[in-house]
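*Asks:* Before anything else, here's the structure in question.
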Amino acid sequence: MRAIVAVLMIVAAAAGPRLQAQVEYNARLGVTWATPLIRDEIVEEVELRQKLAPTLSLGASLPIAPRYRAGLEMMLTSYGYRASETATSTDLGTLRTGSVTLGLHGPIAANFGWRAGAGLLGYWPKDERGIFLRGGTTRFLAGAGVDFRRPVWSHWEMMVSLGYDFHRFTTEELQGRGFSQSQGVQRISAAVGLAKGSR
Amino acid sequence: MRSRQRLLGLVTGSVLVACADIAAPSRGDAYEWRRLQGTSSGVDTLSFHWAGADLPVRFWAEDSLNLPAHVQGGIGRWEAVFLYGEFSGVVVSDSSTADVIVTTGIAPKGGFSIARLESGFAPECQGATDIELSSNGQQILRPIRVYVDPRFAPGSPGVDDCMALTTTHELGHALGIFTHSPDPEDIMYADPAVSALSRRDRSTAELAYHTEPTLTIAPR
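In order, the protein sequences belong to chains F and X.
Reading the first sequence from the start, the letters are residues 1 to 199 in our numbering.
Reading the second sequence from the start, the letters are residues 1 to 220 in our numbering.
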């Protein structure tokens, strides 16, 4: 993932001034909710779930057609995660995720627009234990979202975003223990921020 | 029309893929970890695991024969068994605050209300775990005492390895595995010969920590 970001930064830096003038940037802060990472059954059902996560999103896009733009988005989250079983709940520490997605943006109507893309999502646990005993994991990610924009002053727009993405989750430790397939994890995020660009 | 059906199929397929759950492995290979104890009215089942409120379990190790390192290693091996934070332990310097005390030497002769779990068949060393119950038999009294002792002079071939695996074995008893595995490939076999925990050891510990225990630990 770092390699992808590095390549894109080099491409952006190497782009001419005319191209740079058409680049639009945005930064948003929000929260992300996610479905459980694991559903296991040891006597009773055990569910490993992420808490509501503060989220920072950074994006950039370039026009590729009169109505469409190609965009790169990074999303960073940091949150606690816990295991729950019937009446007990155990905090397992802090988990950070970072995703990079490449996608398309287009208009819907008035101030609304859509975006869809695919990329990679990395899990970086603070402590390597439990399901992350053999380290974090990187997974493919696909998602889509809706953005609302409203001009606030010259070249600046307020941006409200609602996003959805999904990926299949597993770790090397889980695979080593005989967990087969992977867990479908869906995330919904809401964020507010600013966009600066050429519109 | 056909393209709409394809799109609908793609969306439906994506949702099904996104919603599918991971398939957990079976823990059916676990061995019996509970102690069946005869009473005047029949058989009583004794089972125990450390509750979340008691974690991390505090271990004290005598500073002799590399025991602190063996205890630290044993804690690490048992912690690695669990996926969901069921157990954690620390080594403490003050024995008066310990939940489990690990010393060298032979376990003293009984004469008190104790369940003694021994592994005394290895040629190089031996171990025992004493778990003392309250007068009503419902609570385990702190501290649990673990004894590990070399049969030969320290430094003799195989003694340190034996001390390490026997410590891990005895810590397994202190965690709540009150019986021995029938399989020599398991660390909880009565005469342990392997240094790593097996899949059966792992399944057994996981089941023990997700089954309601009959015993609790007395308050500190």
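Where is the CB? At the ideal position from N, CA and C, for every residue including glycine.
(1) Would you identify the three-state DSSP class for F:PHE132, choosing helix, strand or coil?
(2) My assumption, with CB atoms under 8 Å, is that X:THR97 sits in contact with X:ARG145. Please give the rounded CB distance.
(3) Can you list, in chain order, the residues of the region 85–98 of chain X whose Cβ is nearer than 9 Å to any Cβ on chain F?
(4) Answer yes or no: does any C-beta atom of chain X fall closer than 8 Å to that of F:GLN50?
(5) At 9 Å on the CB atoms, spell out the chain F contacts of X:HIS49, in chain order.
(6) Helix, strand or coil: how does DSSP classify F:GLU172 here?
(7) At a Cβ cut of 8 Å, what residues of the region 137–169 of chain X count as close to chain F, listed as they run along the chain?
(8) Between F:PRO36, F:ARG82 and F:VAL46, which lies nearest to X:HIS210 when the distance is taken from Cα to Cα?
(9) Under the rule that 16 or more other beta-carbon atoms within 10 Å means buried, what is X:GLY89, buried or exposed?
(10) Taking the alpha carbon of F:GLU172 as the reference point, which residue from F:SER161, F:VAL152, F:GLY163 and F:ARG129 has its own alpha carbon closest?
(11) Suppose you measure from the CA of F:PRO66 to the CA of F:GLN175; what does that come to, to the nearest Å?
(12) Can you tell which of F:ARG187, F:GLY197 and F:ARG177 has its C-alpha closest to the C-alpha of X:ARG199?
(13) Does any C-beta atom of chain X lie closer than 8 Å to the C-beta of F:ALA83?
(14) To the nearest angstrom, how far is it from the Cα of F:GLY71 to the Cα of X:VAL100?
(15) From F:LEU162 to F:LEU141, what distance separates their C-alpha atoms?
(16) Starting from the C-beta of X:GLN263, find all residues in its chain whose C-beta is less than 6 Å away, skip the five residues before and the five after it, and write them out in chain order.
(17) Counting along the chain, where does the alpha helix (DSSP H) carrying F:HIS105 start and finish?
(18) In the region 25–50 of chain F, which residues sit with their C-beta less than 7 Å from some C-beta in chain X, listed in chain order?
(19) For X:TRP33, which of helix, strand or coil comes out of DSSP?
(20) Since F:TYR25 and F:GLY145 should fall inside the 8 Å C-beta cutoff, what is the C-beta to C-beta distance between them, to a whole number of angstroms?
(21) Is F:PHE179 buried or exposed, if buried means 16 or more other CB atoms sit within 10 Å of its CB?
(22) Quick check on this structure: which residue in X:GLY127, X:SER26, X:THR103 and X:ASP54 has the alpha carbon closest to the alpha carbon of X:TYR189?
(23) If the cut is a Cβ gap below 7 Å, which residues of chain F does X:LEU8 touch?
(24) In chain F, which residues lie with their C-beta within 8 Å of the C-beta of X:ASP54?
(25) Based on DSSP bridge pairs, tell me the residues matched to X:CYS125.
(26) Looking at C-alpha atoms only, which residue of X:LEU7, X:TRP33 and X:ALA69 is the closest neighbour of X:ASP201?
(27) With C-beta atoms as the reference, is X:VAL148 less than 8 Å away from X:THR166?
(28) Let me know the secondary structure DSSP gives X:GLN139 once reduced to three states.
(29) So, with DSSP's three-state summary, where would you put X:PRO184?
(30) So which residues of chain F does X:ARG27 contact, with C-beta pairs closer than 7 Å?
(31) Going by C-alpha to C-alpha distance, which of X:GLY85, X:PRO68 and X:TRP60 sits closest to X:TRP50?
(32) Does the region 93–111 of chain F come into contact with the region 74–81 of chain F, if we say contact requires no fewer than three beta-carbon pairs (one atom in each stretch) closer than 8 Å?
(33) Check whether the Cβ of X:LEU83 lies closer than 8 Å to any Cβ atom in chain F.
(34) Determine the extent of the beta strand (DSSP E) in which X:ARG220 is found, giving its start and end residues.
(35) Which residue's Cα is closest to the Cα of X:ASP161: X:ILE75, X:PRO219 and X:HIS70?
(36) Are X:LEU215 and X:PHE48 touching if we call contact CB-CB under 8 Å?
*Replies:* On the basis of the coordinates in this document:
(1) helix
(2) The pair is not a contact, with the Cβ atoms about 15 Å apart (cut-off 8 Å).
(3) GLY85, GLU86 and SER88
(4) no
(5) Neighbours of X:HIS49 across chain F, judged by C-beta separation under 9 Å, do not exist; the nearest C-beta is about 12 Å away.
(6) helix
(7) none
(8) F:VAL46
(9) Sixteen is the threshold: when 16 or more other Cβ atoms of the shown chains lie within 10 Å of the Cβ of X:GLY89, as they do, the residue is buried.
(10) F:ARG129
(11) 46 Å
(12) F:ARG177
(13) yes
(14) 58 Å
(15) 16 Å
(16) As shown, chain X starts at 1 and ends at 220. That puts residue 263 of chain X outside it, with no answer to give.
(17) Taken as a continuous stretch (DSSP letters only), F:HIS105 belongs to no alpha helix (DSSP H), being part of the beta strand (DSSP E) at 88–109.
(18) ILE38, ARG39, ASP40, GLU41, ILE42, VAL43, GLU44, VAL46 and LEU48
(19) Note: X:TRP33 maps to coil in three-state DSSP.
(20) With a Cβ gap of about 17 Å, F:TYR25 and F:GLY145 do not count as contacting.
(21) buried
(22) X:GLY127
(23) In chain order: nothing, as chain F lies at least about 16 Å away.
(24) The contacting residues do not exist; X:ASP54 stays about 13 Å from chain F at best.
(25) X:PRO150
(26) X:TRP33
(27) yes
(28) strand
(29) Here X:PRO184 sits in coil by DSSP.
(30) ILE42
(31) X:GLY85
(32) yes
(33) Yes, X:LEU83 counts as interfacial toward chain F.
(34) Premise fails: X:ARG220 is in no beta strand (DSSP E) and is neither H nor E.
(35) X:HIS70
(36) yes
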